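Convert by adding 1158 to the 1-based position in the sequence shown; the result is the number in our numbering.
Glycine included, each C-beta is placed from N, C-alpha and C at the ideal position.
Quantities reported herein were computed from a predicted structural model and do not represent experimental measurements.
Take a look at the structure below.
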Amino acid sequence: MDHDLPPPDRPCVQVSAGPGIAAALPQLLGFAPEESLVVVALGGDRRVGLTLRVDLPPPGRERALAGELVDALRPGRPTVAVVLVVTEDPDEPWPVLQGSTLPRLALLHEVTAALVRAGIRVTETLLVRGGRCWDYDDPADGAGRTLPTGTSALAAASAYAGQVTAPDRAALVARTARVSGPAAAAAARVCARVGAGHAARLSQVGWEQWAEESWASVLTALELCRPGSRTQPDDEALARVAWAVGDTELRGRALTLGLGEDAAAAETLWTEVLRRVPAPLDVAPATLLAVTAWSRGDGTTASIALDRALDGQPGHPFALTLRAALAAALPPHDLRRFLAGLDATDHRPVAEGRRAG
């Protein structure tokens, strides 16, 4: 399940109902959904809150999926929701009227019923197919309505905020995919050499001096990742960053980079590190990418990054803590406070951390 959350500082952009909100899905999710069910939650002020996307389920899974969606929405306390089915499936036969009906009607019924039982009013139920949308509640919708084309106000605002919409979820995953072949082998050799150098330096000068030198390496690489930079960090610079943020205290410092004015450069840096370092050295930068993406409302990229972290180290405490908070739909504006409440030694909730009590 993909969660996308309202970014705290994005300019307010009005999105119209029907075709307008259907056309806005790529900006709301970060990618153009395919064969998906999407629920857009709205608050009492009609502002977009959590946006959930799931793959269309196989027959028989509709009711269970509806319950999971409602559970994911509850923490945000939405009052209104719009439900959209995105599919290229044709209309389905409907023997009752000896005709046909829009596809996935059984799924739509279960989801809307579950939302209403949870006190969430459903204002629209839409089918998005072939560049058009249909209203499930309007039998006279006929050929449907064409989705708006061109650059919308939301697309422009998203681009201004630094969000690049991917053509699909696979493309979003590919942005952080590790390099392969000779490039991967060369990067792994550099990581091993830099790691040996870090260990020797730590033994020689002690942790405090090593930490300051390592942090300086992080900041140097960050400068190279700022928009407009003509030079990108090479494998050695990225390896130094990976070894540095593998230290829990330095990772804690690095978290702040993704929550302020350095966020765009930090997201680029963590992404490049993920592409060039082997597991499990990629675990810490993956959690940093998750936090940075989450802080701007991109829950999908945050989820992808956490998948990467937990692939590298399934029991990683910080990644598991972030996964639980993301599943609970913690909004970006609460993220800094949430992180401040974690144990500094391993970034678990204080009640569970080594310094508890």
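Taken in chain order, the complete beta strand (DSSP E) segments of 3 or more residues contained in the segment 1190-1235 are 1194-1200 and 1206-1213.
Within its own chain, the residues whose Cβ lies closer than 8 Å to the Cβ of Gly1289, once the five positions on either side in sequence are excluded, are Thr1304 and Leu1305, listed in chain order. When the alpha-carbon of Ala1224 is set against those of Pro1233, Trp1252, Leu1195 and Pro1236, the nearest one is in Leu1195.
Counting C-beta pairs with one atom in each stretch, the segment 1444-1453 and the segment 1490-1498 have three or more that are closer than 8 Å, which means they touch. For Arg1232, the closest C-alpha among the options Val1286, Leu1273, Cys1291 and Pro1184 is that of Leu1273. In this structure, the CA atom of His1474 is about 14 Å from the CA atom of Arg1409.
Listed in chain order, the non-local C-beta contacts of Val1435 below 6 Å within the same chain comprise Cys1349 and Ala1400, local neighbours out to five positions each way being set aside. Within the DSSP secondary-structure output, Arg1290 pairs in a beta bridge with Arg1287 and Thr1304. Inter-residue distance for Ala1487 and Leu1208 is about 7 Å (C-alpha atoms, whole angstroms). Assigned with DSSP and collapsed to three states, Val1435 falls in coil, not helix or strand.
Each residue's CA atom was taken as its position, placing Leu1413 and Asp1295 some 46 Å apart. For Glu1282, the three-state secondary structure derived from DSSP is strand. In this model, Gly1302 and Thr1281 are separated by some 18 Å (Cα to Cα). Judged by DSSP secondary structure, Pro1472 falls outside any alpha helix (DSSP H); it is assigned neither H nor E. C-alpha of Leu1330 to C-alpha of Gln1362: approximately 42 Å in a straight line. In this model, Leu1464 and Gly1416 are separated by some 15 Å (Cα to Cα). Ala1498 has no beta-bridge partner at all, per DSSP.
When only Cα atoms are considered, Ala1395 and Leu1214 end up about 42 Å apart. A straight-line Cα-Cα distance of about 20 Å links Val1198 and Pro1261.
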